[in-house]
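Notes to accompany the following structure.
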């Protein structure tokens, strides 16, 4: 697990952002931070003592935004995190591999088996909702080795397999994209029900926003 400050400017409000599988901070640098400090968490190939660094932070207000596999990871780490004023799940659920509430098991296992080929091919194209969005991403791509990203997916699945499928109230709201090609929209809505707000986007919805505050205010 890695931490990266998207903004650290002695503000009194902190957003902690848990990214999805295979991503890093580079595609998110365009989002305006305004009067928030923003700490990004990514690369779940190893869950390390970075939790200690998070616990030592001192802010007046804390906000959580978690995306994709980050929704699962943040929920699993909930007892190690600060008390948040608001917690938003974005295109993910606490049950990320599930025939009813997440990615159905069969396609997920195919993705896992062919992760290297997918990362070299069309996986990132499927993340976005248009050619224009994909071309925008290609100007600011993830800077991680394919081997590292493949390892991360396997480690995530190893944790998912041994996680009990129970959920206690944690997230306050969920943003669900109507054109999600990674985690079926229907399955996300099955889980979140009245906590869900749909947005016209693909699995990566962030180009719909200009700032982190705009995301929090949805």
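Numbering (this note's numbering), first residue to last: 26 to 243.
Where is the CB? At the ideal position from N, CA and C, for every residue including glycine.
| Item | Value |
| --- | --- |
| How about residue 63 and residue 32: are their beta carbons less than 8 Å apart? | yes |
| Helix or strand or just coil, what does DSSP make of residue 170? | coil |
| Can you look up residue 98 in the DSSP assignment and give me helix, strand or coil? | helix |
| State buried or exposed for residue 163, treating a residue as buried only when at least 16 other CB atoms are found within 10 Å of its CB. | exposed |
| So, for residue 208: in the same chain, excluding its five sequence neighbours on each side, which residues have a beta-carbon less than 8 Å away from its beta-carbon? | 93, 116, 117, 118, 121, 127, 128, 228 |
| For the stretch 49 to 57 and the stretch 221 to 237, state whether three or more C-beta atom pairs, one from each stretch, are separated by less than 8 Å. | yes |
| Are the beta-carbon atoms of residue 141 and residue 175 separated by less than 8 Å? | yes |
| Within 10 Å of its beta-carbon, does residue 50 have 16 or more other beta-carbons around it, so buried, or fewer, so exposed? | buried |
| Is residue 187 helix, strand or coil when you go by DSSP? | coil |
| On the three-state DSSP scale, how would you describe residue 158? | helix |
| Find out if the Cβ-Cβ distance for the pair residue 88, residue 241 is shorter than 8 Å. | yes |
| I want to know whether the stretch 144 to 160 touches the stretch 32 to 43 - three or more CB-CB distances under 8 Å. | no |
| Rounding to the nearest angstrom, what Cα-Cα distance links residue 109 and residue 158 in this structure? | 31 Å |
| Distance, Cα to Cα, residue 82 vs residue 45? | 23 Å |
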